[in-house]
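A.B. asks: Just add 3 to the spot in the sequence shown (first one is 1) and you have this note's numbering.
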Amino acid sequence: MRRGQRSGAPGGREGEALSAVLHHQARGRGDGAGRGAPHRGRAPWGGACRTQSASRGSLRAGPSGLGCAARRRRKTRACAGLCGRRFIDTRCFHQQRRRSGFVSTILVVDDKASLRDSVGLTLQRAGFTPVAAQDGPDALSRIARKRPDAVVSDLKMPGMDGVELLARIRELDEDLPVILMTAYGSIQTAVEAMRLGAYTYLTKPFEGDELIVAVKRALEHAKLKRENALLKLSGRTAEGLEGEGVSAQGVDRIVGVSDAMQQVREQIRAVACSQGTVLITGESGVGKEVVARAVHESSPRAAEAYLAVNCAALSESLLESELFGHEKGAFTGADQLRKGRFELADRGTLLLDEISEISPKIQAKLLRVLQERSFERVGSSTTIGVDVRVIATTNRSLPEEVARGAFRQDLYFRLNVLPVSVPPLRARLDDVPPLAEHFIGKICARDGLAPKRFSDEAMRLLCSYGWPGNVRELQNICERAVVLCKEAVIRADLIRPWLQRTATPPPTRPGAIAGEDRGSLIESRAACAQAFLSQATPPATANGDSAAALPTLEEIERQAILDTLRRFNGHRQKTAEALGIGVRTLGLKLKKWKEAELVAPDV
């Protein structure tokens with residue numbers, strides 16, 4: 004029998020070896036053995052604690068560092084967490100989080116309270132947050148409410164055993180690592196469980212170090228799988244983000260020297276430390292996604308997942324499945340379970356780009372996620388809890404969208420907790436030279452070209468331009484100049500034909516139109532319509548009657564959309580922005596016309 008082990012300890016022989024090891028670790032290996040008489044206390048996890056008195060005073064025990072004698076004089080309080088135990092400290096360990104980041108939560112499942120407590124105490128002392136479940140159904144309920152980072156479960160339990168629990172967990176989450184604890188007689192069953200998806204198994208009795216190593220390896224394995232999946236989903240790398248004006252360091256590497264961008268940096272630093280929802284507004288092409296990435300990488304969630312969804316590029320049904328996931332068989336073509344972006348971004352950040360384009364149905368579901376931090380997959384009634392920070396971007400004026408009934412007011416209030424406004428490039432022309440140099444350097448390095456630069460005259464031309472396309476247009480101009488210029492210096496004559504001579508860019512969305520700009524845009528579109536009508540109106544007959552009927556309003560609209568599509572070489576995003584409609588609206592119109600065979604199938 005090991006030192007410190009008592010024959011009368013609760014839990015039987017299965018828990019004795021581990022309990023002795025855990026108590027030995029709690030006292031410190033080889034420190035103070037045999038000093039004083041042992042007495043009974045209460046461990047912070049809820050298990051039995053036998054702390055011994057030393058000549059220098061009571062040894063530290065539990066989160067408060069008080070000996071059992073002193074702790075008995077303290078008033079007890081109940082843990083508000085999931086464990087349901089009582090504690091004699093000002094705060095329960097299950098409610099604490101390290102300031103350095105998130106603490107991994109480990110669900111411990113066992114029908115024997117002694118082993119459950121011992122395993123939990125070991126995990127807690129190793130820096131994890133243990134959560135206890137007394138059987139399989141209790142474990143499934145806790146997983147549905149809040150997904151843990153790993154599960155440590157006994158194999159032999161009454162009712163639902165470890166193998167059945169593993170199968171049920173795989174239905175909820177196929178990537179959640181599960182470690183099984185088994186006796187010698189059930190090793191064959193444990194090996195079979197590993198074939199079903201368990202990460203590994205531990206044979207009783209085992210040392211506390213074995214448990215910690217297994218848990219850490221399981222968490223690292225799950226992290227690598229998650230990172231690989233996120234890389235495939237995002238399709239973006241840190242190098243690509245650097246090309247847009249931000250690096251993996253976040254806010255400090257945003258390119259810009261103007262006072263306006265300095266204010267943006269200060270806003271990013273202010274909101275990054277919070278967990279509130281961020282709403283980033285600004286015209287198309289100003290770099291809202293770059294700012295969103297900087298917020299994430301400057302926040303405590305920087306080491307966690309960052310995913311982005313373009314809400315304007317997906318239909319309502321596809322967007323719902325993309326955000327919330329779906330169960331196998333939920334709809335035609337759903338041949339397997341699929342996690343949504345909210346689930347994949349758990350503990351990280353989710354960017355909802357073009358938030359103003361989502362339908363009323365998705366708005367309602369999104370509002371519930373922001374309020375309750377939970378949702379259901381499409382085709383499922385199981386509620387999944389998540390911890391996701393949402394960042395939304397839009398180039399519309401959401402208050403105007405709310406006023407005309409296109410956007411929910413309560414959702415707007417939920418999103419606009421921490422607003423960040425990104426100014427257009429024309430309002431910060433001091434940033435044009437550093438941005439141009441940044442883009443040229445990245446493009447030359449990417450294509451393996453010799454370094455190039457703009458001449459002084461070319462730079463003055465760039466700084467005098469209105470930049471209706473903002474930073475995105477500047478990046479395109481720089482790339483075109485680098486590719487077409489055969490010399491080391493890019494001269495003004497090369498780029499002058501590419502710059503539209505306009506001081507103020509046209510608005511990109513109806514909700515973003517200011518008063519004076521709105522009038523000029525309406526006049527411009529009216530002129531286009533008049534020109535189209537004059538071309539489409541047939542010559543009059545001798546009686547003054549038209550030889551044929553005038554085109555209908557739908558025909559004028561269709562022709563205007565097709566002409567604009569041809570102008571932008573079929574680019575739907577640019578076409579929608581030029582016409583002042585949403586990309587989803589444009590896609591629905593084209594789909595309708597294709598079904599009616601009014602336009603070519605390849606439009």
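Glycine is no exception: its CB is placed at the ideal position from the N, C-alpha and C atoms.
Can you give me the C-alpha to C-alpha distance between Thr588 and Leu601, rounded to a whole angstrom?
C.D. replies: Near 17 Å, if we compare the C-alpha coordinates of Leu601 and Thr588.
A.B. asks: Considering Cα atoms alone, identify which of Leu126, Ala484 and Lys291 is closest to Val154.
C.D. replies: Ranking the options by Cα distance to Val154, first place goes to Leu126.
A.B. asks: Find the nearest neighbour of Gln137 within the set Arg128, Ala295, Asp164 and Ala308, judged by alpha-carbon distance.
C.D. replies: It is Asp164 whose Cα lies nearest to the Cα of Gln137.
A.B. asks: To the nearest angstrom, how far is it from the Cα of Gly328 to the Cα of Leu214?
C.D. replies: Cα to Cα, the separation comes out at about 33 Å.
A.B. asks: Is Arg499 buried or exposed, if buried means 16 or more other CB atoms sit within 10 Å of its CB?
C.D. replies: It is exposed - the Cβ of Arg499 has fewer than 16 other Cβ atoms within 10 Å.
A.B. asks: Below 8 Å, can you find three or more Cβ-Cβ pairs linking the region 413 to 429 to the region 273 to 280?
C.D. replies: Result yes; three or more Cβ-Cβ pairs closer than 8 Å.
A.B. asks: Apart from the five residues just before and just after Ala275, which ones in its own chain have a Cβ nearer than 6 Å to its Cβ?
C.D. replies: Taken in chain order, the residues that qualify are Val298, Ser301 and Ser302.
A.B. asks: Compute the Euclidean distance between the alpha carbons of Glu557 and Pro604, then round it to the nearest angstrom.
C.D. replies: Computed Cα separation, rounded: 19 Å.
A.B. asks: From what residue to what residue does the alpha helix (DSSP H) around Ala273 run?
C.D. replies: Run containing Ala273: Asp262 to Ala275, per the alpha helix (DSSP H) assignment.
A.B. asks: Sort out for me which residues DSSP pairs Arg456 with in a bridge.
C.D. replies: Its beta-bridge partners are Val492.
A.B. asks: What first and last residue would you give for the alpha helix (DSSP H) that runs through Thr479?
C.D. replies: Note that residue 479 is Asn in the sequence shown here, rather than Thr. Taken as a continuous stretch (DSSP letters only), the alpha helix (DSSP H) holding Asn479 covers Asn473 to Leu487.
A.B. asks: Using the Cβ count rule (16 or more neighbours within 10 Å means buried), how would you classify Phe378?
C.D. replies: Buried, since its Cβ has 16 or more Cβ neighbours within 10 Å.
A.B. asks: Between Arg411, Phe345 and Gly332, which has its C-alpha nearest Ser383's C-alpha?
C.D. replies: Measuring from the Cα of Ser383, the nearest candidate turns out to be Gly332.
A.B. asks: Taking just the CA atoms, how far does Arg150 sit from Leu143?
C.D. replies: Cα-Cα distance, rounded: 10 Å.
A.B. asks: How would you call Arg304, buried or exposed, if buried means at least 16 neighbouring beta carbons within 10 angstroms?
C.D. replies: It is buried - the Cβ of Arg304 has at least 16 other Cβ atoms within 10 Å.
A.B. asks: Nearest-angstrom Cα distance between Arg569 and Gln412?
C.D. replies: Distance between the alpha carbons of Arg569 and Gln412 is about 37 Å.
A.B. asks: DSSP state of Asn313, grouped into three classes?
C.D. replies: Asn313: strand per DSSP, three-state reduction.
A.B. asks: Quick one: is Asp120 buried, meaning 16 or more other Cβ sit within 10 Å of its Cβ, or exposed?
C.D. replies: Per the 10 Å Cβ criterion, buried.
A.B. asks: List the whole-angstrom C-beta distance separating Trp470 from Arg429, where the pair is believed to meet the contact cut-off of C-beta under 8 Å.
C.D. replies: Confirmed, Cβ separation roughly 5 Å.
A.B. asks: Can you give me the C-alpha to C-alpha distance between Ala201 and Met160, rounded to a whole angstrom?
C.D. replies: About 17 Å.
A.B. asks: According to DSSP, is His441 helix, strand or coil?
C.D. replies: Three-state result, His441: helix.
A.B. asks: On a Cα-Cα basis, can you pick out the residue from Ala147, Arg371 and Val312 that is closest to Asp356?
C.D. replies: The shortest C-alpha separation from Asp356 is found at Val312.
A.B. asks: Going by Cα to Cα distance, which pick from Ala448, Gly351 and Asn398 is closest to Asn473?
C.D. replies: The shortest C-alpha separation from Asn473 is found at Asn398.
A.B. asks: Would you mind sorting Glu286 into buried or exposed? The rule is 16 or more other CB atoms within 10 Å of its CB.
C.D. replies: Per the 10 Å Cβ criterion, buried.
A.B. asks: Work out the CA separation of Leu317 and Pro140 for me, nearest whole Å.
C.D. replies: So the two alpha carbons sit approximately 38 Å from each other.
A.B. asks: Using DSSP bridges, identify the partner residues of Arg341.
C.D. replies: Paired residue(s): His329.
A.B. asks: Have a look at Phe571 and Arg431 and give me their C-alpha separation to the nearest angstrom.
C.D. replies: Using only the alpha carbons, I get a separation of about 27 Å.
A.B. asks: Where does Asp356 sit, in a helix, a strand or coil, going by DSSP?
C.D. replies: Asp356: strand per DSSP, three-state reduction.
A.B. asks: With 9 Å as the threshold, decide whether the Cβ of Arg341 is near any Cβ in chain B.
C.D. replies: The chain inventory of the structure shown lacks chain B, comprising one protein chain alone.
A.B. asks: Does at least one heavy atom of the ligand COA sit under 8 Å from the Cβ of Ile365?
C.D. replies: Summarising the ligand content, the structure contains no ligands, and the ligand COA is consequently not present.
A.B. asks: If distances are taken between C-alpha atoms only, which option among Val194, Ile271 and Leu179 comes closest to Arg220?
C.D. replies: Cα-wise, what sits closest to Arg220 is Leu179.
A.B. asks: Per DSSP, which residues does Val2 bridge with? Please list them.
C.D. replies: Only positions 4 to 606 of the chain appear in this structure, which leaves residue 2 out of reach.
A.B. asks: For my contact list, Leu322 and Ile365 are in at a C-beta cut-off of 8 Å; report their separation, rounded to the angstrom.
C.D. replies: About 6 Å separates the two Cβ atoms, so the contact holds.
A.B. asks: Go through its chain and collect everything with a Cβ distance to Cys447's Cβ below 8 Å, but skip five positions before and after it.
C.D. replies: Once the five neighbours on either side are set aside, the close Cβ partners of Cys447 are Ala453, Pro454, Lys455 and Val485.
A.B. asks: Report yes if the CB atom of Val492 is closer than 9 Å to the CB atom of Ser458, and no otherwise.
C.D. replies: Yes, the Cβ-Cβ distance between Val492 and Ser458 is below 9 Å.
A.B. asks: Would Leu465 pass as a contact of Ile443 if the rule is Cβ separation under 9 Å?
C.D. replies: Not in contact: Leu465 and Ile443 (Cβ atoms no closer than 9 Å).
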